[in-house]
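Chemist: One structure, pasted below without further comment.
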Amino acid sequence: MNIMKFFGTMKFKIMLSMLCIALIPLLCLAALQSSQFSSFLQNNIEQQQTALAELNRNSLSDWIDSKADQLSNNLDAYPEFKEMDLDYIQSVLHHLEVNDSDVELASVVDKDGNIGVASINLKERDYFKAVAETKEYAVSDIIINAETGNKQIVVAVPVLDQDNNFNGLIASYVRLDALSDTVGKIEIADTGFGFLLSSNGDFIYHPDQDIIGENYSNVGMNEETLQAFEKEILSNDTGYVTYTDGHGDEKIAAFSTVAKSGWKIVVTAPTSEVYSEIQVMARSSALLILVAVLLVIVSAFFLANLLAKPITEVSKHLNILANADFTQAVPENLIKRKDEVGDLVHATKKMQDSLIDIIKSVSDATDQLSSNSEYLIQSASEVTEGSKQIATTMQELSLGAESQATSSGTISELMEGFVEKVTEASNSTLHMRNESQGIIEQTEKGQESMEQSIIQMEMVHQIVQDGVEKVRSLDQQANQISKLVEVIQGIAGQTNLLALNAAIEAARAGEHGKGFAVVANEVRKLAEEVTSSVGDITKIVTGIQKESNDVMNSLQNGYEVVEEGSKQITITGERFTGINQSVSTMVTMFQSISSHLAVIAKDSETMSQSFVEITSVSEESAAGIEQTAASSEQLLASMEEVTHSADQLARLAEDLLTKVNHFKI
């Protein structure tokens, strides 16, 4: 039970949070570093193993080159080799057998494949074909000496004639034991080793002597390993491969191809040995993580205890306050803290001080409440007596209010009749004002028409006056025409007289005066016509003058009549103006009367409404007084209840004081 309680404490939660915060990044970092370190070691081991394979490949290449150089040096030293003197060449090659312990046999082979020391033809051997085609040295796969039964390899160098044609070859038969000085010395990890494969997969060298000369497919490898050898080692020049050997052990191998020979140098070792450093690193990392976890747990425990301890002390102090004991002060060591716990402690202290003040205030208020309850009981008794007197007075007021309401109703009815009469008078006055307004409008229209007539009469007066003036001007012009006619008539008479005189003179002249007589006669005729026309004009002008005089007299008479009419119209217009002013004054008076009557009607309605309201208020007052009387009776009953409640309040005050005294301050 205590363990479950501990799991729910803040200390456990802080420890758990710190462990999560510390361990999760630590474990992730450890996993990441382990993965990176494993990858680094694996790449490093892979590079080292590959470098070891390439180093031994170079050593094998140098070793094979040295064997080929031994043979090539003899070709350079002995020109007789080019002539293919087999016995001589064989005797020279015998020195190689003696001087080089790796060489078990050295021989010469002609271009047809015949060997000098035995009746064997090598024409179909792969290395013979390679030398004949490329004219460069070649290395054979593993062979077995028929006489000694030893396993050998052949290093063959071409012999060329003067025309650089293939003329045969010289060869060294090297014991496989010689490879133990190179491939046999390869070591990696604890039990790792190196082995050598031919281009077709035969074991040229292997620490297990029993499988030398055997093909990789015949040494009991499982299918996975066979696939690794076939698709990786034999198919690529260099690489890195993982496989399982015949004993079921997982191994990793780096391989590289030897130049010229096509051999595969393979460096292999068990995976467990190669990656032993990774396992050691993993164990070291696990140990470090375990130590770190223990340190984190211990640190979390102490830190959680450090954080939870002041909170626990605050919790204990709050429990003391919960038991109504406010005499204990907040610990000073907690008040001095400057962190969030210090803020919590300050808030707790402030709450404690506030509660002490509240309790003191409640205690004082309870004492005051107790004394006020006694005073309330006494006051309630006095109010009860007053309520009885108020009830009696309210009954008397109720009777007076009913009488007042009746009188107000009668006055209200009389005022309603008065309001109706005033309203009728106001309406009649309003009608007269409207009719008067119509008269004013008609008078204004008549005045406007009269003003228009005056204007027109003035225009007629002006027109007639202009006509008289024009007729006078016409008469004057007719007089002037008469004078001109008289002048013309005089001139015509003189002209007629002159024509007569001219005719007389022409008659006197005889033949010479005939032409002049004709002219004089024509002038006379013209003068007579002018005289006749002037007489007609005189008659017309005389008629015009007579008519002009008649028209002028008529216009003069009309002018006088128009002038008199204009004066009468002007007088009539002035009278219309006076009428309009009188009617306007009358309308103004009607408007004033109507306004006063409207005000009187409105005031009468207001008075009527006021009397109605007075009646209503009187009735409501009577009802209110009755209700007040009833309320006084209810107040009397309520005061009795107040007295009873005051007694209960006094008892409650005593109980509250008892409970407040329970707090220790």
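Numbering (mature numbering (1 follows the signal peptide of the UniProt record, and there is no 0)), first residue to last: -30 to -1, 1 to 635. For every residue, glycine included, the Cβ atom is placed at its ideal position computed from N, Cα and C. Just so it is clear, the structure is predicted and the values come from calculations on it, not from any experiment.
Let me confirm a value: N289 is counted as buried when at least 16 other C-beta atoms fall within 10 Å, else exposed. Which label applies?
Modeler: Mapped onto the sequence shown, residue 289 falls at position 319. By the neighbour-count rule (16 or more Cβ atoms within 10 Å), N289 is not buried but exposed.
Chemist: At 3 residues or longer, what runs of the beta strand (DSSP E) sit wholly inside the segment 173 to 224?
Modeler: Along the length of the segment 173 to 224, whole beta strand (DSSP E) runs at least 3 residues long occupy 173 to 175 and 208 to 214, reported in chain order.
Chemist: Report, in whole angstroms, the separation of the C-beta atoms of G171 and N192, which I expect to be a contact under 8 Å.
Modeler: Locating residue 171 in the sequence shown gives position 201, counting from the first residue. Locating residue 192 in the sequence shown gives position 222, counting from the first residue. No, G171 and N192 are not in contact; Cβ-Cβ is about 16 Å, not under 8 Å.
Chemist: When you compare each of T238, I114, S77 and E202 to A21 by their alpha carbons, which one comes out closest?
Modeler: The sequence position of residue 21 within the sequence shown is 51, counting from 1. If we check each option's Cα against that of A21, T238 comes out closest.
Chemist: Between which residues of its own chain and V236 is the CB-CB distance below 8 Å, once the five residues before and five after are set aside?
Modeler: Numbered from 1 along the sequence shown, position 266 holds the residue referred to as residue 236. Only A23, G164, F165, L166, L167, I203, A223, A224 and F225 meet the Cβ criterion.
Chemist: Please identify the residue among V500, T576, E439 and V493 whose C-alpha is closest to the C-alpha of G460.
Modeler: As a working mapping, residue 460 is identified with position 490 in the sequence shown. Measuring from the Cα of G460, the nearest candidate turns out to be V500.
Chemist: Evaluate the contact criterion for the segment 110 to 117 versus the segment 46 to 57: three or more CB pairs, one atom per stretch, below 8 Å.
Modeler: no
Chemist: On the criterion of 16 or more Cβ atoms from any shown chain inside 10 Å, does E194 qualify as buried, or is it exposed?
Modeler: Locating residue 194 in the sequence shown gives position 224, counting from the first residue. For E194, the number of other beta carbons within 10 angstroms of its own is below 16, and it is reported as exposed.
Chemist: Provide the residue(s) that pair with D151 in DSSP beta bridges, ordered along the chain.
Modeler: Position 181 of the sequence shown holds residue 151. Note: D151 sits in no beta bridge, so no partner.
Chemist: Can you give me the C-alpha to C-alpha distance between V244 and A229, rounded to a whole angstrom?
Modeler: As a working note, residue 244 is residue 274 in the sequence shown. As a working note, residue 229 is residue 259 in the sequence shown. For V244 and A229, the distance between alpha carbons rounds to 28 Å.
Chemist: Please classify E74 as buried or exposed, where buried requires at least 16 other C-beta atoms within 10 Å of its C-beta.
Modeler: Sequence index remark: in the sequence shown, residue 74 carries index 104 (1-based). E74 comes out buried.
Chemist: Does the Cβ-Cβ distance between S452 and T512 come in under 9 Å?
Modeler: Position 482 of the sequence shown, counted from the first residue, corresponds to residue 452. Position 542 of the sequence shown, counted from the first residue, corresponds to residue 512. Contact: yes.
Chemist: Have a look at N135 and K81 and give me their C-alpha separation to the nearest angstrom.
Modeler: The count along the sequence shown starts at 1 and reaches residue 135 at position 165. The count along the sequence shown starts at 1 and reaches residue 81 at position 111. Going from the Cα of N135 to the Cα of K81 covers about 10 Å.
Chemist: In three-state terms, what does DSSP make of M(-30)?
Modeler: Here residue -30 refers to the residue found at position 1 of the sequence shown. Low confidence applies to M(-30): its pLDDT is 43, below 50, so where it sits in the model is not reliable enough to give any reading.
Chemist: Tell me the rounded alpha-carbon separation between M(-30) and T(-22).
Modeler: One-based indexing of the sequence shown puts residue -30 at position 1. One-based indexing of the sequence shown puts residue -22 at position 9. With a pLDDT of only 43 at M(-30), under 50, the local geometry of the prediction cannot be trusted, and no value is derived from it.
Chemist: Any beta-carbon of chain B closer than 9 Å to the one on I510?
Modeler: Among the chains in the structure shown there is no chain B, since it carries only a single protein chain.
Chemist: When you compare each of L257, K121 and S242 to A148 by their alpha carbons, which one comes out closest?
Modeler: Position 178 of the sequence shown, counted from the start, is the residue given in the question as residue 148. Measuring from the Cα of A148, the nearest candidate turns out to be K121.
Chemist: Quick one, are the C-beta atoms of A(-9) and V266 less than 9 Å apart?
Modeler: Your numbering for residue -9 matches position 22 in the sequence shown. Your numbering for residue 266 matches position 296 in the sequence shown. Closer than 9 Å, so yes.
Chemist: Using only the alpha-carbon positions, how far apart do I123 and L41 sit?
Modeler: Locating residue 123 in the sequence shown gives position 153, where the first residue counts as 1. Locating residue 41 in the sequence shown gives position 71, where the first residue counts as 1. Cα to Cα, the separation comes out at about 15 Å.
Chemist: How long is the line joining the alpha carbons of I514 and S502, rounded to whole angstroms?
Modeler: As a position in the sequence shown, residue 514 is number 544, starting the count at 1. As a position in the sequence shown, residue 502 is number 532, starting the count at 1. The alpha-carbon atoms of I514 and S502 are separated by roughly 19 Å.
Chemist: Could you tell me the distance, in whole angstroms, from the CA atom of I158 to the CA atom of T241?
Modeler: For the purposes of this step, residue 158 is identified with residue 188 of the sequence shown, where counting begins at 1. For the purposes of this step, residue 241 is identified with residue 271 of the sequence shown, where counting begins at 1. For I158 and T241, the distance between alpha carbons rounds to 11 Å.
Chemist: F163 bridges to which residues according to DSSP?
Modeler: Taking the sequence shown and counting its residues from 1, one reaches residue 163 at position 193. F163 is bridged to T238.
Chemist: Roughly how many angstroms lie between the CA atoms of S255 and I34, to the nearest whole one?
Modeler: Here residue 255 refers to the residue found at position 285 when the sequence shown is read from its first residue. Here residue 34 refers to the residue found at position 64 when the sequence shown is read from its first residue. In a straight line, the C-alpha of S255 is about 48 Å away from that of I34.
Chemist: Whole angstroms are fine: how far does the CA of S29 sit from the CA of I174?
Modeler: As a working note, residue 174 is residue 204 in the sequence shown. As a working note, residue 29 is residue 59 in the sequence shown. So the alpha carbons of these two residues sit roughly 16 Å apart.
Chemist: State the beta-bridge partners of G138 as determined by DSSP.
Modeler: Position 168 of the sequence shown, counted from the first residue, corresponds to residue 138. BP columns for G138 point to D80 and V129.
Chemist: Pick out whichever of M54, S205, I140 and L63 has its Cα sitting closest to the Cα of Q132.
Modeler: Along the sequence shown, read from residue 1 onward, the residue named residue 132 stands at position 162. Looking at the Cα atoms, M54 is the closest of the given residues.
Chemist: Rounded to the nearest angstrom, what separates V129 and I114 at their Cα positions?
Modeler: As a first step, residue 129 is located in the sequence shown; it is residue number 159 there, counting from the start. As a first step, residue 114 is located in the sequence shown; it is residue number 144 there, counting from the start. Rounded to whole angstroms, V129 to I114 spans 25 Å at the Cα level.
Chemist: My guess is that Q60 and V78 are in contact by the Cβ rule of under 8 Å, so how many angstroms apart are they, rounded?
Modeler: The residue labelled residue 60 in the question sits at position 90 within the sequence shown. The residue labelled residue 78 in the question sits at position 108 within the sequence shown. Yes, Q60 and V78 are in contact; Cβ-Cβ is about 6 Å, under 8 Å.
Chemist: CA-CA distance, V261 and N13?
Modeler: For this step, residue 261 is matched to residue 291 along the sequence shown. For this step, residue 13 is matched to residue 43 along the sequence shown. In a straight line, the C-alpha of V261 is about 29 Å away from that of N13.
Chemist: If you follow the alpha helix (DSSP H) that residue 643 is part of, which residue opens it and which one closes it?
Modeler: Lying before the first or after the last residue shown, residue 643 is absent from the chain, which here runs from -30 to 635.
Chemist: Find out if the Cβ-Cβ distance for the pair E16, Y210 is shorter than 9 Å.
Modeler: Stepping through the sequence shown from its first residue, residue 16 is reached at position 46. Stepping through the sequence shown from its first residue, residue 210 is reached at position 240. Yes.
Chemist: In the DSSP assignment, what residue or residues form a beta bridge with R621?
Modeler: On the sequence shown, position 651 is the one that residue 621 refers to. Looking at the DSSP assignment, R621 forms no beta bridge with any residue, so it has no partner.
Chemist: Between which two residues does the alpha helix (DSSP H) carrying V62 extend?
Modeler: Counting from one through the sequence shown, the residue named residue 62 turns up at place 92. L56 to N69 is the span of the alpha helix (DSSP H), which, as asked, contains V62.
Chemist: Do L63 and I140 come within 9 Å of each other at the CB atom, strictly closer than that value?
Modeler: Translated into positions along the sequence shown, residue 140 becomes position 170. Translated into positions along the sequence shown, residue 63 becomes position 93. It is a contact, given that the beta carbons lie within the stated cut-off.
Chemist: Is the CB-CB distance between A(-1) and L258 below 9 Å?
Modeler: Start at 1 with the first residue of the sequence shown, and residue -1 comes out as number 30. Start at 1 with the first residue of the sequence shown, and residue 258 comes out as number 288. Against a cut-off of 9 Å, the Cβ pair of L258 and A(-1) comes out as a contact.
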